[in-house]
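Reviewing the structure listed below.
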Amino acid sequence: MTDTVSARRPNHVRLLLAAGGMTAGGFAGFLSIRAADLGAFEAAVFEPSELASLFIALVLVATGLFVLAMSLSRKVAARAFDPDGDGRVLPGMMSFYRLQAALQLLAGILLALPVLAIRLFPAGVQTPAVATMVMVTALFLIQTVANLTVWRRADEMTRRMIADAAVASFWVLSSALFLWAAAEKLGLAPALSSWDALTVMMAVYLLISSTLAVRRGFA
Numbered sequence: 002m003t004d005t006v007s008a009r010r011p012n013h014v015r016l017l018l019a020a021g022g023m024t025a026g027g028f029a030g031f032l033s034i035r036a037a038d039l040g041a042f043e044a045a046v047f048e049p050s051e052l053a054s055l056f057i058a059l060v061l062v063a064t065g066l067f068v069l070a071m072s073l074s075r076k077v078a079a080r081a082f083d084p085d086g087d088g089r090v091l092p093g094m095m096s097f098y099r100l101q102a103a104l105q106l107l108a109g110i111l112l113a114l115p116v117l118a119i120r121l122f123p124a125g126v127q128t129p130a131v132a133t134m135v136m137v138t139a140l141f142l143i144q145t146v147a148n149l150t151v152w153r154r155a156d157e158m159t160r161r162m163i164a165d166a167a168v169a170s171f172w173v174l175s176s177a178l179f180l181w182a183a184a185e186k187l188g189l190a191p192a193l194s195s196w197d198a199l200t201v202m203m204a205v206y207l208l209i210s211s212t213l214a215v216r217r218g219f220a
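Adding 1 to a residue's 1-based position in the sequence shown gives its number in our numbering.
Quick look at the structure:
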């Protein structure tokens, strides 16, 4: 990790992440309790793509919590993130890992919120749907700021990995989209919803980025 990572995170970004995390956590907790009361966690009420997106969201949240837990102790972080190093972890590196953990948590919450929300409120009721959309939009803006902060603070190797993952994902997804669209036009494949496409996109990107991270020694 280069000196670019050691720079401290701007206070406004930290405050945004904290506010977004607390708000989203409280809202997600409310949705989960209401979902349990209404029996919305029965598998039969979910579409396949919704179950897949909830699984991806669970993986993202679990990963974020793991990274966050590792970043709370300098010794544990040194062993987990740099096992071949000298055991020293700079303060800037700890905050960088926490920022990455926050991004994982936000991504998981953003992916789960729309799916859970539509199972908790009667069809045709606009107020809860609008409130959820406002929440999703606000969290997405916070996530965008955090992503830009990660890019600015990352070293050249990390930036290259992020760029390579984006390029590979675009090539795979655009190719798959073309072939599926052609098959759908010919009546050989069913139509996909935008949520189906989003779920596939997230799965492909996570698979590619995780593979690149392992191959290049980031995980």
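Note that the Cβ used here is the ideal one computed from N, Cα and C, for glycine as well.
Can you give me the start and stop residues for the alpha helix (DSSP H) that residue i sits inside?
i      : result
Pro49  : 49 to 71
Phe171 : 157 to 186
Val46  : From DSSP, Val46 is part of no alpha helix (DSSP H); its letter is neither H nor E.
Arg216 : 195 to 216
Do residue i and residue j have their CB atoms nearer than 7 angstroms?
i      : j      : result
Arg69  : Ala113 : Looking at the sequence itself, residue 69 is Leu, so the reference to Arg does not match. Not in contact: Leu69 and Ala113 (Cβ atoms no closer than 7 angstroms).
Trp181 : Ala190 : yes
Ala53  : Gly109 : no
Ser74  : Tyr98  : no
Leu104 : Met162 : no
Ser50  : Thr200 : yes
Since residue i and residue j are thought to touch, with beta carbons under 8 angstroms apart, how far apart are those beta carbons, to the nearest angstrom?
i      : j      : result
Ala166 : Tyr206 : 7 angstroms
Thr150 : Leu100 : 6 angstroms
Leu106 : Val62  : 6 angstroms
Ala118 : Thr128 : The Cβ separation is near 12 angstroms, so there is no contact.
Once you ignore the five residues that flank residue i on each side, which residues in its own chain have a CB closer than 8 angstroms to its CB?
i      : result
Val137 : Leu111, Leu114, Pro115
Ala130 : Ala118, Ile119, Phe122
Ser194 : Ser50
Phe47  : Leu55, Val116, Arg120
Glu185 : Pro191, Ala192, Leu193
Ala204 : Ala53, Ile57
Arg217 : Met158, Met162
Give me, in chain order, the residues of the same chain whose beta-carbon lies closer than 7 angstroms to that of residue i; leave out the 5 immediate sequence neighbours on both sides.
i      : result
Met202 : Leu174
Asn148 : Leu104
Cutting at 6 angstroms between CB atoms, please list the residues of its own chain near residue i, excluding the five before and the five after it.
i      : result
Ile209 : Ala166, Ala169, Ser170
Thr64  : Gln105
Trp172 : none
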